[in-house]
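Asks: Numbering (mature numbering (1 follows the signal peptide of the UniProt record, and there is no 0)) for the sequence shown: -22 to -1, 1 to 172.
No residue lacks a Cβ here, since even glycine has one placed at the ideal position from N, Cα and C.
None of the values given here were measured: they were computed from a predicted structure.
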Amino acid sequence: MIRTLLALDSALVLGALSFVLAAEDDIRVVAEVDRGDAVPEAVRDGRPDVVVADLDFVEGVEASRLGQCPVLVLAHPRRAGRLRGMRCGTRMIGILRSDVAPQRVVEGIRLLARREPVLDADLVVAALHADGPLTERETEVLALTAEGAPVAEVAVSLGLTSGTVRNHLGRIARKVGARTRVEAVRVAREAGWI
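See below:
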């Protein structure tokens, strides 16, 4: 029996994955937590064989507080750059996209329990190219925008016209898959590009 701890910030995903795992004969959910600060205590009390956790939850926890329990990290491709700086000690870590099919998570749990690697190729590529899709100038424009500078002020600061700044912002939004400047700033901050 693979004792599994679920540490996910979405109650809907947490409940759905718990339901899926309950149908598996060889996996038992020993604890469910929806806050990162609750993970170390749940690991100590539940003594899981595998932890399935959001990137945000394991990123802020010292490796020593998770023991040697393998961790299956679920991450969004936009946040893949943060995987490069993750410290795991000697613990086995698996990495999957946060939007994979539940059966892929089930397979990942089984592989990690056998100390076999679990990697999502798209996330690995995204982590390797985590410097981001933005040019140096686009990064400057977005960084000033993130600080609250209006288009005219960004233009003056960088020696550009307001039209050029608006063009940069439009191109940035398309590159990062955002609909608005605010969303582009959020995406870039989450990915560590600004």
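Could you give the distance in angstroms between the alpha-carbon of residue 13 and the alpha-carbon of residue 3?
Replies: Here the question's residue 13 lines up with position 35 in the sequence shown. Here the question's residue 3 lines up with position 25 in the sequence shown. Near 27 Å, if we compare the C-alpha coordinates of residue 3 and residue 13.
Asks: May I ask which residues mark the beginning and end of the beta strand (DSSP E) holding residue -18?
Replies: Working through the sequence shown from its first residue, we reach residue -18 at position 5. Taken as a continuous stretch (DSSP letters only), the beta strand (DSSP E) holding residue -18 covers -21 to -16.
Asks: Output needed for residue 80: all residues of its chain with C-beta closer than 8 Å, excluding positions within five of it in sequence on either side, in chain order.
Replies: On the sequence shown, residue 80 is found 102 positions in, with the first residue counted as 1. The residues are -7, -6, -3.
Asks: Is it the case that the segment 112 to 129 contacts the segment 82 to 90, given that we only count it when at least three CB pairs across the two stretches are under 8 Å?
Replies: In short, these stretches do not touch, since the Cβ pair count stays below three.
Asks: With residue 6 as the anchor, note down where its alpha helix (DSSP H) starts and where it stops.
Replies: Here the question's residue 6 lines up with position 28 in the sequence shown. Looking at the DSSP string, residue 6 is not in any alpha helix (DSSP H); the run it does join, the beta strand (DSSP E), is 5 to 11.
Asks: Should residue 15 be counted as a contact of the ligand SAH given a C-beta to heavy atom distance under 7 Å?
Replies: Absence of the ligand SAH is noted for the structure shown, with no ligands found whatsoever.
Asks: Going by alpha carbons, who is nearest to residue 26 out of 48, 152, 36?
Replies: The count along the sequence shown starts at 1 and reaches residue 26 at position 48. Minimum Cα distance to residue 26 is reached at 48.
Asks: Could you name the residues of the same chain whose beta carbon sits closer than 6 Å to that of residue 68, not counting the 5 residues immediately before and after it, in chain order?
Replies: Residue mapping note: residue 68 aligns to position 90 of the sequence shown, counting from 1. For residue 68, the predicted model reports a pLDDT of 46, less than 50, meaning its position is unreliable; a value from the coordinates is still stated below. Within the same chain, residue 68 has no close Cβ partners at all.
Asks: Give me the Cα-Cα distance between residue 146 and residue 110, rounded to the nearest whole angstrom.
Replies: The residue you call residue 146 lines up with position 168 of the sequence shown. The residue you call residue 110 lines up with position 132 of the sequence shown. Rounded to whole angstroms, residue 146 to residue 110 spans 15 Å at the Cα level.
Asks: Nearest by alpha-carbon distance to residue 153: which of 137, 120, 138 is it?
Replies: Your numbering for residue 153 matches position 175 in the sequence shown. Answer by Cα proximity: 120.
Asks: Identify which residue in -13, 101, 8, -10 has its Cα closest to the Cα of residue -22.
Replies: Looking up residue -22 in the sequence shown gives position 1. For residue -22, the nearest C-alpha among the options comes from 8.
Asks: What separation, rounded to the nearest whole angstrom, lies between the Cα atoms of residue -17 and residue 135?
Replies: As a first step, residue -17 is located in the sequence shown; it is residue number 6 there, counting from the start. As a first step, residue 135 is located in the sequence shown; it is residue number 157 there, counting from the start. In a straight line, the C-alpha of residue -17 is about 47 Å away from that of residue 135.
Asks: Less than 8 Å between C-beta atoms, sequence neighbours within five positions excluded: which residues of the same chain meet that for residue 131?
Replies: Here residue 131 refers to the residue found at position 153 of the sequence shown. Cβ neighbours of residue 131 beyond the five flanking positions: 122.
Asks: State the Cα-Cα distance for the pair residue 74 and residue 51, rounded to the nearest angstrom.
Replies: Here residue 74 refers to the residue found at position 96 of the sequence shown. Here residue 51 refers to the residue found at position 73 of the sequence shown. Distance between the alpha carbons of residue 74 and residue 51: 6 Å.
Asks: Thinking C-beta only, is residue 44 closer than 8 Å to residue 72?
Replies: Against the sequence shown, residue 72 aligns to sequence position 94. Against the sequence shown, residue 44 aligns to sequence position 66. No. Outside cutoff.
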